[in-house]
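Single-structure report; data block below.
Protein chains: 2
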Amino acid sequence: MAEEEVIDSSDSDRHARELAHARYVTFDGPHHLESGGELPSVTVAFETYGQLNPAGDNAVLVCHAISGDSHVARHDATDDPGWWDIAIGPGKAIDTDRYFVICPNILGGCRGTTGPNSYNPKTGSAYGPDFPMITTGDIINVQKQLVDHLGIDRLLAVVGGSLGGHMALAWAIHYPHMMAGTAAIATSPRLTSQALAFDVVGRNAILHDPHYNEGRYYEQEPGPLVGLAIARMLGHITYLSRESMKQKFDADRLSPRDVATQFETRFSVGSYLAHQGDRFGQRFDPNSYITLSMAMDLFDLGATHDDLVKAFEPAVCRWLVVSFTSDWLFPDFQSRQIVDALLANNSAVSYCNVESSCGHDAFLLPNELDSYGTMIAGFLENLNGGPGTVEASDDGEGRARKPTSIFHDPGRLDYESIAELIPPGASVLDLGCGTGGLLSLLKQRGHQRIMGIELDEHAAVACVRHGLDVLQSDLNQGLSSFSDGQFDFVVLSQTLQTVIDVRRVVNEMLRVGRRGIVSFPNLGYHKLRRQLAEEGRAPLVAVGGGTRWHDTQNVRFLTIADFDEFCREEGIQIHQHVALDTEAGRTVDDDPNLNADMAIVVLSK
Amino acid sequence: MAEEEVIDSSDSDRHARELAHARYVTFDGPHHLESGGELPSVTVAFETYGQLNPAGDNAVLVCHAISGDSHVARHDATDDPGWWDIAIGPGKAIDTDRYFVICPNILGGCRGTTGPNSYNPKTGSAYGPDFPMITTGDIINVQKQLVDHLGIDRLLAVVGGSLGGHMALAWAIHYPHMMAGTAAIATSPRLTSQALAFDVVGRNAILHDPHYNEGRYYEQEPGPLVGLAIARMLGHITYLSRESMKQKFDADRLSPRDVATQFETRFSVGSYLAHQGDRFGQRFDPNSYITLSMAMDLFDLGATHDDLVKAFEPAVCRWLVVSFTSDWLFPDFQSRQIVDALLANNSAVSYCNVESSCGHDAFLLPNELDSYGTMIAGFLENLNGGPGTVEASDDGEGRARKPTSIFHDPGRLDYESIAELIPPGASVLDLGCGTGGLLSLLKQRGHQRIMGIELDEHAAVACVRHGLDVLQSDLNQGLSSFSDGQFDFVVLSQTLQTVIDVRRVVNEMLRVGRRGIVSFPNLGYHKLRRQLAEEGRAPLVAVGGGTRWHDTQNVRFLTIADFDEFCREEGIQIHQHVALDTEAGRTVDDDPNLNADMAIVVLSK
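These protein sequence lines are chains A and B, in that order. Start counting the first sequence at 720; every next residue gets the next number (my numbering). Start counting the second sequence at 720; every next residue gets the next number (my numbering).
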């Protein structure tokens, strides 16, 4: 139906070099749009990297952000770098030696795919303001036609950041069986009102530029480049963070870079913004900016958690959701809203809020690539079955589950004792899962629906790398993402004593899990009692491991008897008690509160 | 020299009503400006409230922000509200029954004081672009002339927020003997690069409005109102917070308010911005916006801590510095930079970072008035000697220093034992000072240079209300604001056990204080030993006070012997040990580690 053509891009000389590798395909229409409008035909500019494998199951669709294009990476050493060169290429996070990467310029764009600056057969000139309003749904419908055209029945994954993340979300909802996994980076279920406000101001600047001419500026010089520059300057402020702007501009605030511009250059940040504003006018079409920013502003999966749960209901893929701590345009809590809705639908999802000072741009920069790139690589690798389970000891970075400071590291004795308490096939949520020691053991034992929660970013990254679903989150902020009885078992292994709000966390775990398993060090252990009673020393102090009363991570100290009383008071039922002497490596039956250094308790409420 | 005139404001009809109470005074020049330019004469519009007392020492100068004017509050019940009506008036935070309040429109403004829209005698028309570049220094020099004109030798205080805060800082530096106190609200030593960037974009929008006409637009209609509106829309985004925009606009995102405007109104936030942008054009002069935003951008007390310490060196007044947690235009860390510099100069300063979702606008809104208004009132009341010391029991809000969960509340036994250890006249810093119980006791005993650090906002507010200097801050973040040996004594009373990073805090206190006094509950107390040894219960559990192992605020548990060992290891010298049995209300000499429930230790390093 659609034939690929070679389009001579020399009429768009300034783009010729960058788009040297683009291919073009035209899909005849009419294309009915969600707004009610239609387009008679749509041309798509796209680039591909790597090879589609014989099974046809290694294709990764990459969706670009508002100002991106099809040139996502260089095709060879002499090529210009693409906009995500750091993440895509041979041996990189999205490894083009393994995956077939497709990146199309999006509908409404201005870099080869049909958009406002394209030829309108009805009028014989550019669409301009006659280009219909489009939505993210329209954009992905065109991408779907491209994927079909390329003969791909099912993508390995759809990956996108920012506006591209909106597309990734829409793909998983509208074409749920078209991908094994979706990676949504630095994105949101809809813009915050703050982010939307910046777009409004940017559009107002373009629309009221006297050269805008109601969108029919293609035949005149100049177009509404001042308005576009104002919008772009604003955009750049929102892509950076306060911290990254400080790093860039504070040192030489009054020493502007030498740029030829009509805009104010008294301050270094001003010269930067002027440069970015001017440069954008050389490569981007103001009508495209209006069209795509409006598509972004209209994207709206819902205002409430319930809305989002409903919106994500059709999705069946695995998920990786990544946010960045300093991203204030697509702030982390919005990624967490996506994750919470996915969890409510019992989807398989990993989430990490990557520590970064780079703001929204972080996903395009090398600074945090070790985290987000590693997770993308691990995520892709573990789709379609993946390479299988890893050993818990294979953490690599020495970031195993933190040993308790009171006792000898219980290590696998603890894990194995807990695993023994869980019937085959049960679903398990592990609170404070570290790098996934217990989860890996459970995976080896054939448990399918297992997940961890871990605060430490590096430990969470290690989980994703190993194909274990993890929610990077603070236990003290509760388990509100999970619904009642969502897991057969919720495990709190060697973590209770580091939790500030014990009551909330324990009650939450017994809400989310039909059974809870808690293991904790027993302050009633005879050696510890003696330290206080006879030596007058805090029990913690004299015990191995090198941590002390003043620097231990433990902030709660309890005996087995204390915990039993707590359970009685909270109306928690104790089903099973396992008491361990970890030093001797055996279970304890006689007076556990005196003779055991660790307790494992199975609970419910 | 300067005569007050009655200026007929009917030529500026739309302002006539609001400025009904303004008085005008003209100071003949030439006025030499910091930029090297000059103004032949300067007229100041100002309003006053309340009466100057016979001693002439109750005058408060209020400095307005970029778009404010002299009408800071209503003059009577029929008057229009002023821009800070909630804080100024009879019985309000700045009580006009007690204080004589002066609020002038600032130089460069457009509401009666000389600015770009004023008559330029050299040309016979408005200054426009010929209005010279002005600085905050120029602005306060004119204010100083007004204060002199009013016959005031020394102000009680200068109070200002945002750009007005810049003026307050400049006053304290340039006219250090002109005020007893300075209250700097939601301000900064200079703009962040991010805030500066927004100003640059706003100015670019005005300067490139085709109606700007190089600033000579007064004779034409319309002026550069689109550019000014764009700048104002941007400003409004930065005055609000993400959270407050959510509250205002998320619920009815697609239901714009009905406003007549040329700007985009598809979204509710768009209609709000359009309205604000349009309305600003009706009352503000674009050239004033450029002039004043540039004055704000050029305000720069220094980039580094050392710069700021030097900048604030001349200041001798007392200080109140207030920031708001959600203010991202003048973020809290910038207020803290001011405070740190003042502390380095050994200035008397209180600081509080008020919890708020209202963003930069918080200081103009009623939401957090209970905090910032109460502090301003308490600060003013305690200047010039103030009403004297309050009783520690006079906390009012039941927010006394938190009792330890292990022991009977030591109350004044602890305080008095500590106070006894401190020689008369010594300077004291109290870490975790609560509502100021110990500090009040020390004040009663005649100590002059005393200060507290407290994390809880309400407790910190209570301190300021009582005239006690307090730094609202987390001890775990260290004492880096203070220099070596800055205090004779640093006290950590009943707080050690709630500190996570004990090693850092103790070493820091002994860096800042020539002596340290630490009091803490002793886990070695015989009753506690027995609880663990004989009953097998965490020592905490069985003791009164209602707090338990799982919800106590205490996170560190130590015996006197543990602390002694810690001191040996850290090279800390113990000068004095006081062991208390708080239940019996007496000191303990015999085996304190067994018989005392609390220890007080005097240390140095």
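Virtual Cβ for every residue (Gly too), placed ideally from N, Cα, C. In this text, all values refer to a predicted model and were calculated from it rather than measured experimentally.
The continuous stretches of beta strand (DSSP E) do not include P1005/B, which lies in the alpha helix (DSSP H) extending over residues P1005 to L1017.
Taking G1204/B as the centre and dropping the five residues before and after it, the same chain places the C-beta of R1233 closer than 6 Å to its C-beta, in chain order.
Per DSSP, T855/B lies in no beta strand (DSSP E) segment; the continuous alpha helix (DSSP H) that holds it begins and ends at T855 to H868.
Q966/B sits in a helix when the DSSP states are folded into three classes. When DSSP states are grouped into helix, strand and coil, T1093/B belongs to the helix group. The beta-carbon separation of P1033/B and P895/B, rounded to 5 Å, stays under the 8 Å limit for a contact.
Look at the region 1263-1316 of chain B and you find these whole runs of beta strand (DSSP E), each 3 residues long or longer: 1292-1300. Cβ-Cβ distances below 6 Å link D1207/B to A1145, S1146 and R1233 in the same chain, with the five nearest sequence neighbours on each side left out; the list follows chain order.
Partner residues in a beta bridge of V919/B, as assigned by DSSP, do not exist. In this model, N1195/B and I1219/A are separated by some 16 Å (Cα to Cα). DSSP lists S760/A as the beta-bridge partner residues of D747/A.
DSSP lists no beta-bridge partner residue for T1044/B. V978/A sits in coil when the DSSP states are folded into three classes, being neither helix nor strand. Cβ neighbours of S1200/B within its own chain (closer than 6 Å, five residues either side excluded): D1059 and L1062. I904/B is bridged by DSSP to G880/B and V1041/B.
Residue range G1156 to Q1163 is occupied by the alpha helix (DSSP H) that includes S1159/A. At a cut-off of 9 Å between beta-carbon atoms, P1258/A makes contact with chain B. Per DSSP, Q995/B is one residue of the alpha helix (DSSP H) stretching across S987 to R1002. Inside the region 1216-1264 of chain B, DSSP marks whole alpha helix (DSSP H) runs of 4 or more residues at positions 1221-1231 and 1245-1252, from first to last along the chain. At the C-beta level, V1221/A and D1270/B come within 9 Å of one another. One alpha carbon belongs to L1140/A, the other to L780/A, and they sit about 42 Å apart. Inter-segment contact for the region 945-961 of chain B and the region 852-864 of chain B is absent: fewer than three beta-carbon pairs are separated by less than 8 Å. Annotation for E753/A: T854, G856 and D857 place their beta carbon closer than 7 Å to its own, counting only its chain and skipping 5 residues before and after.
E1100/B carries a helical assignment under DSSP once its states are collapsed to helix, strand and coil.
Chain B places a beta carbon closer than 9 Å to that of T1278/A, counting this residue as a contact. Here the alpha carbons of G769/A and R873/A stand approximately 17 Å from one another. Taking 8 Å as the upper bound on Cβ-Cβ separation, chain B lies near residues T911, S912, Q913, L915, A916, F917, V919, V920, R922, N923, A924, L926, H927 and P929 of the region 911-934 of chain A. Scanning L738/A, H1296/A, H955/A and H750/A for the CA closest to the CA of F850/A turns up H750/A. Its Cα nearest to that of P1143/A, the residue R1168/A stands out among G1155/A, R1168/A and G1153/A. Q1056/B sits in a helix when the DSSP states are folded into three classes. Membership of A778/A in the beta strand (DSSP E) is indicated by the continuous run A778 to C782. By DSSP's assignment, P773/B forms no beta bridge with any residue. Per DSSP, the beta-bridge partners of S1212/A are S1238/A.
When 7 Å is used as the limit between beta carbons, E1227/B is near no residue of chain A, the shortest such separation being about 14 Å. Listed along chain B, the residues sitting closer than 7 Å to N1312/A by beta-carbon distance are G1255. Excluding sequence positions up to five before and after H1296/A, its CB lies within less than 6 Å of the CB of V1320, all in the same chain and listed in chain order.
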